[in-house]
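The structure appears below as C-alpha cells.
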Amino acid sequence: MVLTSCQDDDSETDSREFEPSTVMVKTYGSVSTIEMFNLINSYDLEVDNIDNEAYVSALSSDKLDYVKQYFSTKPYINNTTWPVTGYLHYQTNEITIFPRLFNITNLAHQADFLQAMQVLQLTEKGNGHVIIFKVPEGQELRWAQHFRGLDGVEWAELNYYYEVILHNNN
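Set out below in C-alpha cells:
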C-alpha cells in the first residue's frame, strides 16, 4: 500500500519521492470561495480538485437530502469516487456538507457553484480550501515556493509518497 502526504519540502536536495506535477496548496480559513476561485483563475494551471472546506446551509434540517441531491447532478461535484457528503451537526442540527470540486477551472462551473451557494443558503465554515494544482514536471518545488509567498496561503507542499508496511498480528 502506498499513501501520499504533504510534508515540509524546503530542502532542494530532498531525495524523497513525490507525485510528479502536483503541488498542494492550503488557503487560510478566512479565504472565501470567491477569493479561492480568483486564486486559481490567476494561473494557467490545471486544478485536479479542491476540497477541505465545509459549508453550512441555513435551510431547515429536513432539507439535507435535497442539498445532496441538488449537487448530485452537477458535473463538477458528481463523481463516483467522491460524491458530495453531508450530515446534520449533532449539536446545532445544521446541514453541513463537504463538496469536492472537480473541473472547477471552468468558469461556468464556478458561476454555477456560487449560484448553488445562494440557492442552498450555504456559507463557508472557515476550514480553508486544499487545492491540488498540476504544474509542469520538474517545476514542483518552484511552484510550491511561489504559492507559499502568496497572501491567503497557509501552506504549499509537494505530495510525497510514503510506503506503509502492514503487519499481520494474527
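Under the UniProt record's numbering, the final residue of the sequence shown carries the number 170; numbering is consecutive throughout. All C-beta atoms in this analysis are idealised placements derived from N, C-alpha and C, irrespective of residue type, glycine included.
Residues near residue i by beta carbon distance below 7 Å, same chain, minus five either side
| i | result |
| --- | --- |
| E124 | S32, T33, E53 and Y55 |
| W82 | R100 |
| D48 | I132 and K134 |
| A144 | D9, V23, A156, E157 and L158 |
| R16 | Y160 |
| V119 | none |
Beta carbon of residue i nearer than 9 Å to that of residue j
| i | j | result |
| --- | --- | --- |
| G126 | S30 | yes |
| Y87 | L64 | yes |
| A156 | V25 | yes |
| E154 | T105 | no |
| F37 | L158 | no |
Contact set for residue i: own chain, Cβ-Cβ below 8 Å, skip 5 residues either direction
| i | result |
| --- | --- |
| Q69 | none |
| Q121 | S57, A58 and L59 |
| E137 | P20 and S21 |
| Y43 | F133 |
| N103 | P75, Y76 and H109 |
| R148 | W155 and A156 |
| A116 | Y70, F71, K74 and L122 |
| Y28 | G128, G152, V153 and E154 |
| S61 | L88, N93, E94 and I95 |
| D112 | K74 and Y76 |
Cβ-Cβ separation, residue j to residue i (assumed contact under 8 Å), whole Å
| i | j | result |
| --- | --- | --- |
| Y161 | E35 | Contact doesn't hold; Cβ gap of about 31 Å is too wide. |
| I97 | V84 | 6 Å |
| E140 | T22 | 7 Å |
| N78 | S72 | 5 Å |
| I50 | V130 | 7 Å |
Beta-carbon proximity list for residue i, same chain, < 6 Å, skipping 5 on both sides
| i | result |
| --- | --- |
| L3 | For L3, the pLDDT reaches just 42, beneath the cut-off of 50, and the residue's location in the model is therefore unreliable, leaving the point undetermined. |
| N168 | none |
| Y90 | none |
Within-9 Å CB hit, residue i to chain D
| i | result |
| --- | --- |
| M117 | The structure shown has no chain D; it contains just one protein chain. |
Segments of 4+ residues assigned as alpha helix (DSSP H) that fall wholly inside the region 81-138: 107-119
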